[in-house]
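See below for the structure under consideration.
Number of protein chains: 6
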Amino acid sequence: MRIQVINPNTCLEMTNSIGKSASQVASEKTEIIAVSPSQGVVSIEGHYDEAIAAFHLLELIRQGEQQHVDGHIIACFGDPGLAAARELATAPVIGIAEAAFHVASLIATKFSIVTTLSRTKIIAEHLLIQYGYTHQCAKIHCIDLPVLDLETNEQETYQKLLEMCQSAKQDDGIGAIVLGCGGMAKHAENISKVLDIPVIDGVTAAVKLIEALHGLGIRTSKWGDYDYPNQK
Amino acid sequence: MRIQVINPNTCLEMTNSIGKSASQVASEKTEIIAVSPSQGVVSIEGHYDEAIAAFHLLELIRQGEQQHVDGHIIACFGDPGLAAARELATAPVIGIAEAAFHVASLIATKFSIVTTLSRTKIIAEHLLIQYGYTHQCAKIHCIDLPVLDLETNEQETYQKLLEMCQSAKQDDGIGAIVLGCGGMAKHAENISKVLDIPVIDGVTAAVKLIEALHGLGIRTSKWGDYDYPNQK
Amino acid sequence: MRIQVINPNTCLEMTNSIGKSASQVASEKTEIIAVSPSQGVVSIEGHYDEAIAAFHLLELIRQGEQQHVDGHIIACFGDPGLAAARELATAPVIGIAEAAFHVASLIATKFSIVTTLSRTKIIAEHLLIQYGYTHQCAKIHCIDLPVLDLETNEQETYQKLLEMCQSAKQDDGIGAIVLGCGGMAKHAENISKVLDIPVIDGVTAAVKLIEALHGLGIRTSKWGDYDYPNQK
Amino acid sequence: MRIQVINPNTCLEMTNSIGKSASQVASEKTEIIAVSPSQGVVSIEGHYDEAIAAFHLLELIRQGEQQHVDGHIIACFGDPGLAAARELATAPVIGIAEAAFHVASLIATKFSIVTTLSRTKIIAEHLLIQYGYTHQCAKIHCIDLPVLDLETNEQETYQKLLEMCQSAKQDDGIGAIVLGCGGMAKHAENISKVLDIPVIDGVTAAVKLIEALHGLGIRTSKWGDYDYPNQK
Amino acid sequence: MRIQVINPNTCLEMTNSIGKSASQVASEKTEIIAVSPSQGVVSIEGHYDEAIAAFHLLELIRQGEQQHVDGHIIACFGDPGLAAARELATAPVIGIAEAAFHVASLIATKFSIVTTLSRTKIIAEHLLIQYGYTHQCAKIHCIDLPVLDLETNEQETYQKLLEMCQSAKQDDGIGAIVLGCGGMAKHAENISKVLDIPVIDGVTAAVKLIEALHGLGIRTSKWGDYDYPNQK
Amino acid sequence: MRIQVINPNTCLEMTNSIGKSASQVASEKTEIIAVSPSQGVVSIEGHYDEAIAAFHLLELIRQGEQQHVDGHIIACFGDPGLAAARELATAPVIGIAEAAFHVASLIATKFSIVTTLSRTKIIAEHLLIQYGYTHQCAKIHCIDLPVLDLETNEQETYQKLLEMCQSAKQDDGIGAIVLGCGGMAKHAENISKVLDIPVIDGVTAAVKLIEALHGLGIRTSKWGDYDYPNQK
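Residue numbers (the numbering used here), protein chains in the order written: chain U, 19 to 250; chain S, 19 to 250; chain W, 19 to 250; chain C, 19 to 250; chain F, 19 to 250; chain V, 19 to 250.
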């Protein structure tokens, strides 16, 4: 099977890093195709960035469908364009925020999120409400470094992440930590080992959930709300 | 003061009709500028349409800001791109769905929505949750005619609207009806008179709310979540 | 148009101060009539005070209706007697708490409330639940000075208000502040300027919302729950 | 112990009937004192009636406290003035709506309410939200007869009540029925026997809950929100 | 009447202590029968302990029903096996957590819980959601001593309890405190006196609630969800 | 990897049928071990049945852990004993109700449940609340045939299921159907084909979710609430 992992921003380093994380957990038979739009925003740090990125990512969804990929991943923690993408697709589409929430809820009663900028907190909060996870998320922490620092300033962001995850583990009454950015995927395993608590990254979670849906023969429902966009 | 009323789809008849409705309630000193994008979708009937429309409407928000308009109205009942628009603007930005909900809640304990297609119901439901109006909305009814019929098939849509509003009044235990599409604005007054119940249209509601904010000297907060998009 | 602004307590200084705030934002064509009951409680600082005040304010609503005012404002942050007043009135009736919440939600994702006494917090909390704003209110702060100090001890209350608004701005992750007492209206503009964040006072907000409803020709619904009290 | 049962309307037949119901379940050692205000409204059928009744009932609470009664019951299904009464009292105060909800939730997973007029439905709905019982109440039914018919038209109201309770039992997926008016207390036992399902009346429920609190030595908390009204 | 008070763990000291607390508030005519299973877990400190305890307590419910007791109390703060017990019983069954929540909500707007171990917090949180008390519980505090210390280390646990209740009273904005363990019943009265705030213990609360139901002639509903277990 | 699929009732036909469904979707490298307790209840049709079944299934969880299985599935739609099982296990444990909800929410905005008996509806409702899926579940339908009929009366139950799923598809405004019983697994594929709408069975969903967690190296968190049961 082939999964298209879409980094909705235009930062190629992040696309590569996300693709690598995805490949590491993919089954032998799964091919990971990491893509990103050629136009749009170089990082997604607010509602405006999301709206621009959503527009461009929908074109990639369309292309992926034409190439008959077996699933799409929206690799930005705000899950931008998710419902719109599902209207375009028959293959399943999964956002990395929802993927991480689903997985966290299967192995812990509560989780905390560690994400990038304070101004993106509201986006995570809206997703928690929309998806029904408010009572399972103890707290949202922000390292308050720009998203691109995850690529250009790798060591410092790792250090900040580690510290914040450590204090989340101690103080939040949780059983798991969710990393709130596609660019953090590469650090999940290390932090989990160092802190001895499950640390969930949405990119890898989404890969395995797409594989799970594929194994079930379940695709995006075309009955009702996710039907193809109306022809005018 | 000048208010930019944005019809986010490309149907000029609807832009004109919305502009006319807006002008009818605007104060003498308020200039209504009705605009619509030159590109995008001809009607908004789902999440995909919304995402495309949001992209193009943001360009109009930007232009409006450069022209120093005093407020922006997003004249589509799903309030597409609202949070993103607020990041771009210092002038207030109001969506017609939220406008209608606010006004309805000031004069009735409960309202019902009468909108176009069943597949847009989910969009209204998400807004009700996000804005906090779930317990004040009794029911969402759909006339199940395409959005464009509101322009091309005016008499039939009016008839269907009237019947559905009538049965909402009788059966839903409500005190007001909210019309769920910018293209329905022109019918609000008539239906209200015929049925003798407040019928609220978001376009006119948004005009008066923008004027209210203007009179208060209150603009979109630039402290926190609605700050200008981050420069990278 | 004429708007009756009702201070539901018997403190005339507060009635005057509220009337002045209301007049400052009213349109040229709007006449503000500030009234208060001759009997009742001198300040409203709990449920009992509210119940007594509500009784007397309803008489003022009735008188206002006889005088054909075009709107009523209940200028106490607990919105006492609001639903009862709407049953008596055909003109719209707006409470200053709901007015402030509506306005705040149009320009910020979240707000905090700064109010007077800790024991009135529960009243604000119940309103947030009833109106559907719990997820948009970050925190309720109390300066813990009696309501009457707002008139007799103006400088100290301003100072306390300012400090509390400042810390709300820094710590609460908000975009706007709501002042939780009619007697605070006079300080809103100053604090907003000093702190550079929208500070919303319900008295002025309610004036502009009533004007907005008037401009829309929308009055309190007499179909259903807000119908006139039953004759026995 | 002495329990003051307050019928907040001025209909003496109802006061007597409520007092009789209360006495039938009271312990031997409990004296029931059924009172009603000499002024106010003759029946409570909306928010306005509630506000007027609350004012007058508070005077009775005060008198009861001076007479050192051991508990107060507010025998109107909207629990008017409940929080205000608790500020005045050290003895416990219980409303018949909350009493009925508490009891119902102890013996069934869900209940339906059968009350008088459609326009009082909104009052019950607000109480369910405020008290936290929304998910335990399946439906609110209205017999749509005026409250006073419960006294003047006893046989017809009984018949209507019985029919509605019967259909609630069959259709609502419930385990108990709550009667939504103090004047219905006298019918609870009969309906329960005829329909073979627990039918809960708030008047009798409140008597036993007050006795329970008395037996526990638990009185209205004077720490915090229910402290005595502030002296000015 | 006879009430069976079931300590669902096998610690006899706790059974005795709970029985004694129950007897102290029971009416003269009420006989308290304190029982505990001979098999199971010696203390209940998590979901596993609850599941094991529930199994054994159901046998005691069955025995109690055969002996025609007039009510059952499940004297563990997680209310383990409550719904299952109600299916077996015609007599009312009450858990001590729900009993305490009911009583607290009748005399205060908000309460805090002081319980034993941090890992049992999630159990209390789930009950608050299920019963509808989330908005009335300000905070859950844990003394973080094992349940059995309540018997073996009485003085230290009392001291810890007292300190935590003291800080809950000061900081939580509450009107009452709920003790979160059957083994804490014996301390409720003392702490309440020392701190001058209602301190509610679920064991005694449940006794009086069962007596109240008995006085009303209300038993567990056998219509619907709590009907006897299906015969296969 | 080896997954232990636990049918918590003692009906061996159902254990076999569930095992077969599980095997059909399992990856080549996954071994399915279908087990059921030798004691307990022959079918689970209420809270009492659940409590008994939970006790016995925990012994199977313990045995599975000793045999180092890589995951456990609780194949009863009420997810009995789930939290308790997670305390015993390091391997992930998934209930079939949560599994089905997770999968449904990834491919549709809303789903309906079609389950067996009306009296089990309350169990599903509680799970929807606890897991956060209330707003995504449109309706719960019951075919009102005993669970064991799924084995002994296969054709009739299939026919009833099909009809109910058909009407759910037409009337509920959904995009997917969730089958509410382990014994229905065998019919999911057929119904989905006939009705052309995704029909999700929790048994197969849980298999693929366990495989997904295994692929991520994510196991039940032993930090916090799901830590091993306390030693006394």
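Yeah, the Cβ is synthetic: ideal placement off N, Cα and C, and Gly gets one too.
Since residue i meets chain S, which of its residues come closer than 8 Å, beta carbon to beta carbon?
| i | result |
| --- | --- |
| W/Leu76 | By Cβ distance, chain S contributes nothing, its closest Cβ being about 18 Å from W/Leu76, past 8 Å. |
Do the CB positions of residue i and residue j come within less than 7 Å of each other?
| i | j | result |
| --- | --- | --- |
| V/Asp97 | V/Ala115 | yes |
| V/Arg80 | V/Tyr244 | no |
| S/Gly82 | W/Val43 | no |
| V/Tyr66 | F/Pro110 | no |
| S/Gln184 | S/Leu163 | no |
| S/Leu135 | S/Glu181 | no |
| W/Glu46 | W/Glu169 | no |
| F/Gly200 | F/Cys94 | yes |
Residues of chain U with CB closer than 7 Å to the CB of residue i, please, in chain order.
| i | result |
| --- | --- |
| S/Pro247 | Gly64, Tyr66, Asp67 |
| W/Thr127 | Ile140 |
| S/Ala101 | His65 |
| S/Asp243 | Arg137, Ile140 |
Anything in chain U within Cβ reach of residue i, meaning under 9 Å, just list it in chain order.
| i | result |
| --- | --- |
| W/Thr33 | Neighbours of W/Thr33 on chain U: none; closest Cβ ~39 Å, over 9 Å. |
Where do the N-terminal and C-terminal ends of the alpha helix (DSSP H) with residue i fall, by residue?
| i | result |
| --- | --- |
| C/His90 | C/His90 -> not in any alpha helix (DSSP H); beta strand (DSSP E) instead, spanning 89-92. |
| F/Glu77 | 65-84 |
| V/Arg20 | Careful: V/Arg20 lies outside any alpha helix (DSSP H), inside the beta strand (DSSP E) at 20-24. |
| W/Asp219 | First-last for W/Asp219: 217-219, but that is the beta strand (DSSP E), not the alpha helix (DSSP H). |
| W/Gly37 | 30-43 |
| S/Asp167 | 167-170 |
| V/His205 | Careful: V/His205 lies outside any alpha helix (DSSP H) and carries neither H nor E. |
| S/Leu146 | 139-149 |
So which residues of chain A does residue i contact, with C-beta pairs closer than 7 Å?
| i | result |
| --- | --- |
| V/Lys250 | Looking at the structure shown, chain A is missing, and the protein chains on hand are U, S, W, C, F and V. |
At what residues does the beta strand (DSSP E) containing residue i begin and finish?
| i | result |
| --- | --- |
| C/Val196 | 194-198 |
| C/Thr133 | 129-133 |
| V/Glu49 | 49-53 |
| V/Lys157 | 155-160 |
| V/Val111 | 111-113 |
For residue i, collect the residues of the same chain with a Cβ closer than 6 Å to its Cβ; drop the 5 residues on either side in sequence, then sort them by chain order.
| i | result |
| --- | --- |
| V/Leu224 | The identity of residue 224 of chain V in the sequence shown is Ala, whereas the question assumes Leu. So the list reads Ile91, Ile112, Ile114, Ala117, once near-sequence residues are dropped. |
| V/Gly58 | Thr28, Ile70, Ala71, His74 |
Closer than 9 Å by beta-carbon distance: list the chain W residues that pair up with residue i, in chain order.
| i | result |
| --- | --- |
| F/Ser191 | Note on identity: in this sequence residue 191 of chain F is Gly, with Ser being the wrong assignment. Under the 9 Å cutoff, chain W gives Ser136, Lys139, Ile140. |
Along chain S, in chain order, which residues have C-beta atoms closer than 7 Å to that of residue i?
| i | result |
| --- | --- |
| U/Ile70 | Phe73 |
Leaving out five residues on either side along the sequence, give the residues of the same chain with a beta carbon under 8 Å from the beta carbon of residue i.
| i | result |
| --- | --- |
| W/Thr1 | Residue 1 of chain W cannot be examined here, being either before or after the span of chain W that is shown, 19 to 250. |
| V/Asn171 | Leu163 |
| S/Lys139 | Thr133, Ile158, Cys160 |
| S/Asn34 | Ala52 |
For a contact meaning CB atoms closer than 7 Å, what does residue i contact in chain V?
| i | result |
| --- | --- |
| U/Ala194 | Ser239 |
| U/Thr222 | Leu234 |
| U/His90 | Here the premise fails: no neighbours, minimum Cβ distance about 12 Å. |
Kindly list the residues whose CB is nearer than 7 Å to the CB of residue i, restricted to its own chain and excluding five residues on each side of it in sequence; keep chain order.
| i | result |
| --- | --- |
| U/Ala122 | Phe129, Ala194, Val196, Ile218 |
| F/Gly37 | Val23, Ile50, Ala52 |
| U/Tyr149 | Glu116, Phe119 |
Going along chain C in order, which residues have a C-beta closer than 7 Å to the C-beta of residue i?
| i | result |
| --- | --- |
| F/Ala230 | Lys226, Leu227, Glu229, Ala230 |
Along chain W, in chain order, which residues have C-beta atoms closer than 7 Å to that of residue i?
| i | result |
| --- | --- |
| C/Glu105 | Gly64, His65, Tyr66 |
(request) Below 8 Å between beta carbons is the criterion; list the residues of the stretch 144-170 of chain S that meet it against any residue of chain V, in chain order. (result) Ile147
(request) Identify each residue in the stretch 129-140 of chain F for which the Cβ-Cβ distance to at least one residue of chain U is less than 9 Å, and report them in chain order. (result) Ser136, Lys139, Ile140
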